[in-house]
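What follows is a short report on a single structure.
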Amino acid sequence: MLQLLSLTLAYDDTRFFGSVMFTDPDHPDDKPDTVLIDHADEPPWFRLTNVDPDSQDLTVPAMVEADRIMRFILRYTPDRIGRTAADFPQS
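Letter by letter, the sequence shown follows residues 5 to 95 in our numbering.
Listed below in structure tokens is the structure:
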């Protein structure tokens with residue numbers, strides 16, 4: 005299970021970028037998993053990139069959690085990037 009260590013997100017009226025970092029409580033001395041977040045012009049309106057080149061698969065736990073966090077944030081603040089709540093349906 006991952007634990008959120010840091011979330012940084014900067015955005016203006018049309019774009020955003022940032023990163024999210026996770027630690028593994030079972031392995032506290034390991035390097036944190038870091039996922040970069042960038043704006044995208046099509047759903048889901050963001051793009052994720054793991055800084056570990058071997059962990060780009062969207063099923064990697066850090067990628068799954070970053071995706072979940074971004075969908076939550078954008079669902080509740082879509083107007084900040086020029087979208088509406090309809091662009092972020094609850095699943």
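C-beta: ideal position from N, C-alpha, C; glycine also.
Give me the residue from the options with the minimum Cα distance to residue i.
i: T38; options: P48, P32, A89 and L9; result: L9
i: E69; options: K35, H43, P47 and D28; result: D28
i: P36; options: L62, R87 and V55; result: V55
i: R79; options: P57, V64 and F50; result: F50
i: T53; options: R87, F21 and A14; result: F21
Roughly how far, in whole angstroms, is the beta-carbon of residue i from the beta-carbon of residue j, given that I think they are within contact range, below 8 Å?
i: T18; j: I77; result: At roughly 16 Å, the Cβ-Cβ gap does not stay under 8 Å, so T18 and I77 are not in contact.
i: A66; j: F26; result: 5 Å
i: I41; j: S23; result: 6 Å
i: I73; j: L6; result: The pair is not a contact, with the Cβ atoms about 11 Å apart (cut-off 8 Å).
Strictly by DSSP, which residues pair up with residue i?
i: R51; result: D42
i: D37; result: F26
Determine the extent of the beta strand (DSSP E) in which residue i is found, giving its start and end residues.
i: M25; result: F20 to T27
Between residue i and residue j, is the Cβ-Cβ spacing less than 9 Å?
i: P48; j: D16; result: no
For the alpha helix (DSSP H) holding residue i, just list the boundary residues, first then last.
i: A14; result: That residue, A14, is in no alpha helix (DSSP H); its beta strand (DSSP E) goes Q7 to Y15.
i: R79; result: P65 to Y80
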